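>
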Amino acid sequence: MPELPEAETIVRGLRAHILNSRILSIDFPRARYFRPQFEEPVEHYLESRIIDIFRHGKSVIIQVKTLEEAERFLVIRLGMTGQLLLGDHTDRHTHAIFCLDSPGMRLCFRDSRQFGKMLFVKDWRPIFRSQKTLSLRHQKKAAPEAYALNKLNRQPFTLPASDPLKISAGEFLSIFWKRRGMIKAALLNQHLLVGVGNIYADESLFAARIHPKQRIQRLSKQRLLKYFTLLVKILNNAIDLGGSSISDFVGATNVLGEFQLEHRVYGRTGEKCLRRGCSGLIKHTVVSSRSTHYCPLCQRRI
DNA sequence: ATATGGCCCTGGTTGC
DNA sequence: TGCAACCAGGGCCATA
486 MPELPEAETI VRGLRAHILN SRILSIDFPR ARYFRPQFEE PVEHYLESRI
536 IDIFRHGKSV IIQVKTLEEA ERFLVIRLGM TGQLLLGDHT DRHTHAIFCL
586 DSPGMRLCFR DSRQFGKMLF VKDWRPIFRS QKTLSLRHQK KAAPEAYALN
636 KLNRQPFTLP ASDPLKISAG EFLSIFWKRR GMIKAALLNQ HLLVGVGNIY
686 ADESLFAARI HPKQRIQRLS KQRLLKYFTL LVKILNNAID LGGSSISDFV
736 GATNVLGEFQ LEHRVYGRTG EKCLRRGCSG LIKHTVVSSR STHYCPLCQR
786 RI
């Protein structure tokens, strides 16, 4: 499943090939099954130029400049099986095709499980906070039609500002220090920190020797700081290796990642712990309804 | 504030 | 071999 390193891998692949390209046409061949969300008509994006491609958490963001010199954004949430591929990749799972001005150049969005989202918005930045969520709920009862519309418009703004590769250790502490609940549940909570998903939560917790169900409030500042250091190290390492190709993930040029070869707990249920001198067997459990892997000897609850 | 479970969806795996 | 049941889970939502 694409997490931060996979999104970053895709972004790097796209940057190398389609920066400064012009979008000639946009097609949604399976509009019955996949509906992008628009703040304004898709026509406004035609003939626009791609001026930047970056990532926020697990989302890939393409910034364009329209013919009227207006900045617009295309936010792509890859979900579980989303792929952004350069070239001709038209099949029954292709939901969006962007023809670009480079000869024969296309950008295709494939997503077999259809958990992915594509949003055409004026601004991607996170200006939507929990208080507004509350007012939106009231609106749902009072005026259902307006609610549906606002929900659509506001969805892109639910992206929070924190990104493990962009925040400082101090900021990380301010989010997690003395927080209640299980550490893995908090790591997966994208309202707190964007980018960490199931694989990298398991792998980083193993590296820091923290049990996935560890109560956060019982962890010392030092322990959390150490964890943050290891998390960033693992994410960077995974980016260097082109991400983890577990089921569907490939980079923009259809290349496989290699970080799955470095996994020490994820998907290794029942196998021997890889830490030298440890005889533990990797256990499987469930946290936040996500399958969770850890070594019961290395990662003890305190 | 935190926890839980359902929903969306398809492809791969398991079991009879 | 065939077919059905089950599982994978990111993000969102309702409910407790």
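Take 486 as the starting number for the first sequence in the numbering used here and just add one per residue.
Every residue gets a Cβ at the ideal spot worked out from N, C-alpha and C, and that includes glycine.
In this text, all values refer to a predicted model and were calculated from it rather than measured experimentally.
Can you look up ALA492 in the DSSP assignment and give me helix, strand or coil?
It is helical.
> Assuming ILE547 is part of the beta strand (DSSP E), what are its boundary residues?
Element bounds for ILE547: 544-550.
> Counting along the chain, where does the beta strand (DSSP E) carrying ARG591 start and finish?
Note, ARG591: beta strand (DSSP E), 591-596.
> Express the C-alpha separation of ASN505 and GLU556 in angstroms, rounding to a whole number.
Rounded to the nearest angstrom, the two C-alpha atoms are 14 Å apart.
> Closest by CA to LEU531, which one among PRO697, THR551 and LEU720?
Here the closest residue by C-alpha is THR551.
> Return the CA-CA distance between PHE513 and ARG610, expressed in angstroms with no decimal places.
Roughly 25 Å between the two C-alpha positions.
> With a threshold of 7 Å on Cβ separation, who are the neighbours of ARG664 within its own chain once the five nearest residues in sequence on each side are excluded?
ALA671, ILE701 and GLN702.
> Tell whether a beta-carbon distance below 8 Å holds between VAL772 and MET667.
Yes, they are a contact pair.
> Run through the DSSP bridge pairs and tell me what LYS757 is partnered with.
Paired residue(s): LEU766.
> Can you tell me whether GLN707 is buried or exposed? The criterion is at least 16 other CB atoms within 10 Å of its CB, across all chains shown.
GLN707 comes out exposed.
> What three-state label does DSSP hand PHE691 in the structure shown?
PHE691 falls in the helix class under three-state DSSP.
> Please state if the CB of LEU678 and the CB of PRO649 are separated by a distance shorter than 8 Å.
Contact flag set, yes.
> Please report the residue range of the beta strand (DSSP E) in which GLN568 lies.
Per DSSP, GLN568 belongs to the beta strand (DSSP E) from 567-571.
> Taking only the alpha-carbon atoms, compute the straight-line gap between ILE731 and LEU499 and give it to the nearest angstrom.
So the alpha carbons of these two residues sit roughly 21 Å apart.
> Please classify THR724: does DSSP put it in a helix, a strand, or coil?
Reading the sequence as shown, one finds Ile at residue 724 and not Thr. It is helical.
> Helix, strand or coil for ILE538? Go by DSSP, reduced to three states.
Strand.
> Give the single residue among GLY736, LEU716, ILE787 and LEU690 whose Cα lies nearest to the Cα of THR777.
When only C-alpha atoms are compared, the closest one is LEU690.
> According to the neighbour-count rule (16 or more other Cβ atoms, all chains shown, within 10 Å of its Cβ), is PHE605 buried or exposed?
By the neighbour-count rule (16 or more Cβ atoms within 10 Å), PHE605 is buried.
> Taking only runs that begin and end inside the region 496-522, name each unbroken beta strand (DSSP E) of 3 or more residues, in chain order.
As far as the region 496-522 is concerned, its whole beta strand (DSSP E) runs of at least 3 residues are 508-512.
> Tell me the rounded alpha-carbon separation between SER764 and ARG785.
Computed Cα separation, rounded: 14 Å.
> So, do the region 751-766 and the region 513-522 have three or more beta carbon pairs nearer to each other than 8 Å?
With a cut-off of 8 Å, the region 513-522 and the region 751-766 do not count as touching, because too few Cβ pairs lie within range.
> Can you give, in chain order, each stretch of the beta strand (DSSP E) that sits fully within the region 658-722 and has at least 3 residues?
As far as the region 658-722 is concerned, it has no whole beta strand (DSSP E) run of at least 3 residues.
> For ILE582, I'd like the list of residues in its chain whose CB is within less than 7 Å of its CB, leaving aside the five on either flank, ordered along the chain.
Only ASP512, PRO514, THR575, ARG591 and CYS593 meet the Cβ criterion.
> Are there 16 or more other CB atoms within 10 angstroms of the CB of GLY682, so buried, or fewer, so exposed?
When all chains shown are included, GLY682 counts as buried.
> Looking only at its chain, what residues have a beta carbon closer than 8 Å to the beta carbon of ASN722, apart from the 5 residues adjacent to it on each side?
These residues qualify, in order along the chain: PHE744 and GLU747.
> Have a look at ARG517 and ILE535 and give me their C-alpha separation to the nearest angstrom.
Computed Cα separation, rounded: 27 Å.
> Assuming ARG846 and LEU585 are in contact, meaning their beta carbons sit under 8 Å apart, how far apart are those beta carbons, in whole angstroms?
In the structure displayed, the chain extends from 486 to 787; residue 846 sits before or after that span and is not available.
> Within 10 angstroms of the Cβ of SER510, are there 16 or more other Cβ atoms? Answer buried if so, exposed if not.
So SER510 ends up on the exposed side.
> For ILE652, collect the residues of the same chain with a Cβ closer than 7 Å to its Cβ; drop the 5 residues on either side in sequence, then sort them by chain order.
Result list for ILE652: empty, nothing under 7 Å.
> Would PHE734 pass as a contact of GLU553 if the rule is Cβ separation under 8 Å?
No; because the gap between Cβ atoms is not below 8 Å, this pair is not in contact.
> Below 6 Å CB to CB, which residues in the same chain sit around ILE538 once its five sequence neighbours on both sides are set aside?
Answer for ILE538: VAL496, LEU499, ARG500 and ILE547, listed in chain order.
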